[in-house]
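Structure first, commentary second.
Numbering (the numbering used here), first residue to last: -12 to 299.
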């Protein structure tokens, strides 16, 4: 087994980020600048891992002229891609950044419809990709007509190859995915509340809810809480992580950066305390960047001493 990661993005996008002086709802907005990036949570994870020097293949579904443009963006970043081309058109996700408030408004398309035959072909393709992998990252929304159980099925395929799965999804896709007991999950505090069936009152409530979920066979959980930091736990240890203050620019990609650096930390055999420090630093750095830009290894290394890790 090689130190190699496969990320899956079933509903990729072209992320178009536009910056306006002040967003006028219902009025005329003149654009200061425009930035285009390959988008989708698994693709964001692959971009971070590539910057961190980890061999990674971005896999998934792609369609139409927009899809070919997305692949060209990945090629320019020298990220290995192995996407199944299907019918339809890849979506565009619009991010409107209000420069006066640093608030980003996201307008995301639903994506292409996928046929059952195409999903079955992708499963076979992924099975071959996982032959030499250490970790599989499943993240992001599902395109129309794809069953919520797909992440459960892909996790099972990874297990048959002795590959550990990191799952970052929400709602029904997350509910279904954890039934296959992935190695790790990264819900935010709101997603954890949905899994537990109640709002989280405090840190101890978060820990109790996460412990209950771990009974399904999950080995590691990261609960992200935005500016409030994170709680990271495995079967033996739990850490509460807080970070130095930043000027938030965009939360887009922050969770993806945490997932990527979790894989990086696992491959580098970091302790859980070190992992907690690294993943939180990664999410914080990305949140400090505009649009869909992500953290770099140097930036994360320089920020580590601003991350406080406390054992619970």
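No residue lacks a Cβ here, since even glycine has one placed at the ideal position from N, Cα and C.
Considering only residues of the same chain and omitting the five flanking positions on each side of residue i, which have a CB-CB separation below 6 Å?
i: residue -12; result: With a pLDDT of only 49 at residue -12, under 50, the local geometry of the prediction cannot be trusted, and no value is derived from it.
i: residue 297; result: 227
i: residue 212; result: 176
i: residue -6; result: 29, 32, 33, 45 and 124
i: residue 48; result: -3, 71 and 73
i: residue 53; result: 1, 76 and 77
i: residue 136; result: 163
i: residue 247; result: 32, 35 and 36
i: residue 294; result: 230, 264, 267 and 268
i: residue 302; result: Not covered by the structure: residue 302. The range shown for the chain is -12 to 299.
i: residue 105; result: 73
i: residue 21; result: 5
Three-state secondary structure (DSSP) at residue i?
i: residue 69; result: strand
i: residue 102; result: coil
i: residue 230; result: strand
i: residue 12; result: coil
i: residue 222; result: coil
i: residue 19; result: strand
i: residue 0; result: strand
i: residue 97; result: coil
i: residue 158; result: helix
Since residue i is in the beta strand (DSSP E), which residue starts that stretch and which ends it?
i: residue 296; result: 294 to 298
i: residue 150; result: First-last for residue 150: undefined, no H or E at that position.
i: residue 83; result: 78 to 85
i: residue 189; result: Segment: none, residue 189 is in no beta strand (DSSP E) and carries neither H nor E.
i: residue 47; result: 43 to 50
i: residue 32; result: Taken as a continuous stretch (DSSP letters only), residue 32 belongs to no beta strand (DSSP E), being part of the alpha helix (DSSP H) at 28 to 38.
i: residue 165; result: Careful: residue 165 lies outside any beta strand (DSSP E) and carries neither H nor E.
i: residue 207; result: 207 to 211
Span of the alpha helix (DSSP H) holding residue i?
i: residue 260; result: 259 to 274
i: residue 122; result: Not the alpha helix (DSSP H): residue 122 falls in the beta strand (DSSP E), residues 122 to 126.
i: residue 252; result: 241 to 254
i: residue 286; result: 284 to 290
i: residue 182; result: 176 to 183
For my contact list, residue i and residue j are in at a C-beta cut-off of 8 Å; report their separation, rounded to the angstrom.
i: residue 178; j: residue 157; result: 5 Å
i: residue 241; j: residue 262; result: That pair is no contact at about 17 Å.
i: residue 153; j: residue 250; result: 6 Å
i: residue 221; j: residue 207; result: 5 Å
i: residue -9; j: residue 190; result: Not confirmed; about 35 Å, so no contact.
Can you list, in chain order, the residues of its chain with a C-beta nearer than 8 Å to that of residue i? Leave out the 5 residues immediately preceding and following it.
i: residue 40; result: 284
i: residue 245; result: 173, 209, 211, 217, 266, 267, 269 and 270
i: residue 203; result: 165, 166 and 168
i: residue 50; result: 72, 73, 74, 75, 76, 77 and 99
i: residue 7; result: 16, 17, 18, 19, 83, 84, 85 and 86
i: residue 225; result: 194, 218, 219, 298 and 299
Can you give me the Cβ contacts of residue i inside the same chain, cut-off strictly under 7 Å, excluding the 5 residues immediately before and after it?
i: residue 286; result: 272
message: Does the region 142 to 156 come into contact with the region 75 to 94, if we say contact requires no fewer than three beta-carbon pairs (one atom in each stretch) closer than 8 Å?
response: Cβ pair count under 8 Å is below three, so no.
- request: Specify whether the region 99 to 113 and the region 129 to 139 touch according to this definition: at least 3 beta carbon pairs, one from each stretch, less than 8 Å apart.
  value: Contact between the region 99 to 113 and the region 129 to 139 is present, with at least three C-beta pairs closer than 8 Å.
query: Contact between the region -1 to 9 and the region 20 to 30: three or more CB pairs below 8 Å?
result: By the criterion of at least three beta-carbon pairs nearer than 8 Å, the region -1 to 9 is in contact with the region 20 to 30.
field: Touch test, the region 106 to 120 against the region 77 to 90, Cβ-Cβ under 8 Å, three pairs minimum
entry: Using a Cβ-Cβ distance cut-off of 8 Å, the region 106 to 120 and the region 77 to 90 are not in contact, since fewer than three pairs of beta carbons, one from each stretch, lie closer than that value.
- request: Please confirm if the region 280 to 297 is in contact with the region 193 to 205, defined as three or more CB-CB distances below 8 Å between the two stretches.
  value: Touching, no.
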